[in-house]
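Asks: I'd like to ask you about the structure that follows.
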Amino acid sequence: MRFWASRFQAYAAVILGLLAFGTDVFAQTAPAALGFRLGDHGQTTRLVLDLTQEAPYQVRTLAGPDRIAIDFPGLEWRLATPLPKKGLGLIRSVYKEGGQSLVLELARPAKPTKVFYLAPAQGTSWRFVMDLEPSSAKESQKAARADLQSKPVQAPALGAKPAAKPTGQSAAAPASPPPVKAIPVIALDPGHGGIDPGAIGASGVYEKNITLAMARELKERIEQTGRFKAVLTRDRDVFLKLRDRVAKARAAGADLFISLHADAHGNEQLSGLSVYTLSEKASDAEAELLAEKENKADLIAGIDLSHEAPEVANILIDLAQRETMNLSASFAGKTVAELGQQVKLLSNTHRFAGFAVLKAPDVPSVLLELGYLSNPREEQLLKTEAYRAKLSLAVVKGLDA
């Protein structure tokens, strides 16, 4: 959540910078990487990346094999020479992955001890610097599980000049290592609750009870992995407004929001699970009606941009929402594939609708329809711990993917 929040703030800085500095700034380009080099200093291996300007970044520790990934969202790669085929010191090899990540394959267990920027001086460009030092295998495995992350750097507004360096002082690296990010947070939202029972099943079971039982089961399964932390928007039978559900997820620093529901339908034969992600236009009439029904509970969730001009707010929301919609769809696709190996799916499983709980621009979100309580057999399955365990296993595999 912190990473996506910082990206959204970066969007705001760019858009407001464009408005403040006029049309001439449109000629400026995104941050670009110009050069790369490694240095072996005994116990320390130093990586230096020459950049046109500061760029937001995220550092992740990976295992199997031991690697360190540095993500640079939006960075253009214009290296004067190709990346070296062989590494140096603690780094076995270096390669790019996905267009935005620089991956360091380690020769032996190592950890970043310093990650910082050096401002331009005496004709040099901006320099991203990372120092690696040896670590134990146990320490590396722990770091991989915790997903070591540096604090994303906010690039200056377009057109701004770098801060002047005090006379006689050189840019120095911070003494402390980059902060460690807590493991990814998954917000689980059991639909309905309290005075809102949701759908009522064939035998009279309430949707609010099924979704809460499923959320508790899924939370336990997720946290058993040790790779994620799960939080519930509600852990008892209480009513929550839709905007409060999203607010709770944001407050917990959620990296993903999963809303759990179980629908009812006039056709008692209809059964199967489906996954919804946000779309401006519902994928079919049924999805559109379902979204409309859910939205009546409250106002659409969002963020406060009331102090900005309407055109600025619209651009910011659109940019952020495109990113989260792509990430939501990616998770939905992976999860559908895993669910299909465990339980029956509804035809056209991945659907699109305008659910209010999916409209937070800064948190990737999906709505999981566990099945139809109006179908007697599916209702009975959803009431069993064994069936919910199958669903939980598939969702966790989707998270891993």
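Position one of the sequence shown corresponds to residue 3 (my numbering), numbered consecutively onward.
C-beta: ideal position from N, C-alpha, C; glycine also.
1. Would you kindly check if the distance between the Cβ of residue 189 and the Cβ of residue 365 is under 9 Å?
2. Look at the alpha carbon of residue 226 and the alpha carbon of residue 371, and state the distance between them as a whole number of angstroms.
3. Can you list, in chain order, the residues of its chain whose CB lies under 7 Å from that of residue 400, leaving out five sequence neighbours each side?
4. Report the residue ranges of all beta strand (DSSP E) runs contained in full by the region 329-390; include only those spanning at least 3 residues, in chain order.
5. Comparing alpha-carbon positions, which option in 219, 355, 59 and 379 lies nearest residue 395?
6. In terms of residues, what are the limits of the alpha helix (DSSP H) holding residue 212?
7. Considering just the uninterrupted stretch of the alpha helix (DSSP H) at residue 244, what are its terminal residues?
8. Mapping DSSP to helix, strand and coil, what is residue 134?
9. Could you tell me the distance, in whole angstroms, from the CA atom of residue 114 to the CA atom of residue 129?
10. Can you give me the Cβ contacts of residue 344 inside the same chain, cut-off strictly under 8 Å, excluding the 5 residues immediately before and after it?
11. Say whether chain D places a C-beta atom closer than 9 Å to the C-beta of residue 236.
12. Which same chain residues end up closer than 6 Å to residue 274 when comparing Cβ atoms and leaving out the 5 residues on each side of it in sequence?
13. Please determine, among 122, 210, 359 and 384, the residue with the shortest C-alpha to C-alpha distance to residue 238.
14. Please classify residue 206: does DSSP put it in a helix, a strand, or coil?
15. Just to confirm before moving on: does the CB-CB distance between residue 264 and residue 374 stay below 9 Å?
16. Using 10 angstroms around the beta-carbon of residue 381, count the other beta-carbons present and answer buried if the total reaches 16, otherwise exposed.
17. Should residue 91 and residue 126 be called a contact, given that it needs their Cβ atoms to be closer than 9 Å?
18. Taking the continuous beta strand (DSSP E) assigned at residue 118, which residues delimit it?
19. Do residue 251 and residue 191 come within 9 Å of each other at the CB atom, strictly closer than that value?
20. Please identify the residue among 386, 403 and 36 whose C-alpha is closest to the C-alpha of residue 212.
21. Among the residues of its own chain, which have a CB less than 8 Å from the CB of residue 141, if the five just before and after it don't count?
22. DSSP on residue 240, reduced to helix/strand/coil?
23. Give me, in chain order, the residues of the same chain whose beta-carbon lies closer than 8 Å to that of residue 103; leave out the 5 immediate sequence neighbours on both sides.
24. If I'm right that residue 39 touches residue 50 with Cβ under 8 Å, what's the distance once you round it to whole angstroms?
25. How many angstroms separate the CA atom of residue 369 from the CA atom of residue 277?
26. Have a look at 101, 56, 330 and 379 and flag the residue whose alpha-carbon is nearest the alpha-carbon of residue 131.
27. Near residue 267, what residues of its chain come up, given a Cβ to Cβ distance below 6 Å and the 5 sequence neighbours on each side ignored?
28. With DSSP as the reference, identify every bridge partner of residue 192, one or two as the case may be.
29. For residue 193 and residue 94, what's the separation of their Cα atoms in angstroms?
30. Taking the straight line between their C-alpha atoms, what separation do you get for residue 384 and residue 201?
31. Mind checking which residues open and close the beta strand (DSSP E) that includes residue 97?
32. Helix, strand or coil for residue 141 per DSSP?
33. Applying the 10 Å Cβ sphere with the 16-neighbour rule, what's the burial state of residue 89?
34. To the nearest angstrom, how far is the alpha carbon of residue 87 from that of residue 233?
35. Take residue 116 as the anchor and find which of 326, 123, 134 and 60 has the nearest alpha-carbon.
36. Check this for me: beta carbons of residue 402 and residue 223, under 9 Å apart or not?
Replies: This is what the structure holds:
1. Yes, the pair counts as a contact, with Cβ atoms nearer than the cut-off.
2. When rounded, the separation of the alpha-carbon atoms in residue 226 and residue 371 is 24 Å.
3. These residues qualify, in order along the chain: 333, 336, 337 and 340.
4. Runs found: 347-355 and 367-374.
5. Ranking the options by Cα distance to residue 395, first place goes to 219.
6. Counted as a single uninterrupted DSSP element, the alpha helix (DSSP H) harbouring residue 212 occupies residues 209-226.
7. For residue 244, the enclosing alpha helix (DSSP H) covers residues 244-253.
8. Strand at residue 134.
9. If you take the alpha carbons of residue 114 and residue 129, they lie about 16 Å apart.
10. Cβ neighbours of residue 344 within its own chain (closer than 8 Å, five residues either side excluded): 392, 393, 395 and 396.
11. Of the protein chains in this structure there is only one, and it is not chain D.
12. Answer for residue 274: 346, 347 and 348, listed in chain order.
13. When each option's Cα is compared against that of residue 238, the closest is 210.
14. In the structure shown, residue 206 sits in coil (DSSP, three-state: anything other than H, G, I, E or B).
15. Yes, these two residues count as a Cβ contact at 9 Å.
16. Looking at its Cβ environment, which holds 16 or more other Cβ atoms inside 10 Å, residue 381 is buried.
17. The Cβ atoms of residue 91 and residue 126 do not sit closer than 9 Å to each other.
18. Counting along the chain, residue 118 sits inside the beta strand (DSSP E) bounded by residues 112-120.
19. At a Cβ-Cβ threshold of 9 Å, residue 191 and residue 251 count as neighbours.
20. Of the listed residues, the one whose Cα sits closest to residue 212 is 386.
21. Within the same chain, residue 141 has close Cβ partners 111 and 113.
22. Three-state result, residue 240: coil.
23. Sequence-distant Cβ neighbours of residue 103 in its own chain, meaning closer than 8 Å and more than five residues away, are 71, 72, 73 and 74.
24. Right, their Cβ atoms sit about 5 Å apart.
25. Straight-line Cα distance between these residues: approximately 6 Å.
26. With distances taken between CA atoms, residue 131 lies nearest to 56 out of 101, 56, 330 and 379.
27. Its chain contains 374 and 376 as the residues whose beta carbon lies nearer than 6 Å to that of residue 267, once the 5 sequence neighbours on both sides are disregarded; these appear in chain order.
28. Under DSSP, residue 192 takes part in a beta bridge, and its partners are 262.
29. Our two residues, residue 193 and residue 94, have alpha carbons roughly 49 Å apart in a direct line.
30. About 13 Å.
31. Boundaries of the beta strand (DSSP E) harbouring residue 97: 93-99, taken from the DSSP string.
32. Residue 141: helix per DSSP, three-state reduction.
33. Buried: at least 16 other Cβ atoms inside 10 Å.
34. Straight-line Cα distance between these residues: approximately 44 Å.
35. Checking every option, the nearest Cα to that of residue 116 belongs to 134.
36. With respect to the 9 Å criterion, residue 402 and residue 223 are not classified as neighbours on the basis of their beta carbons.
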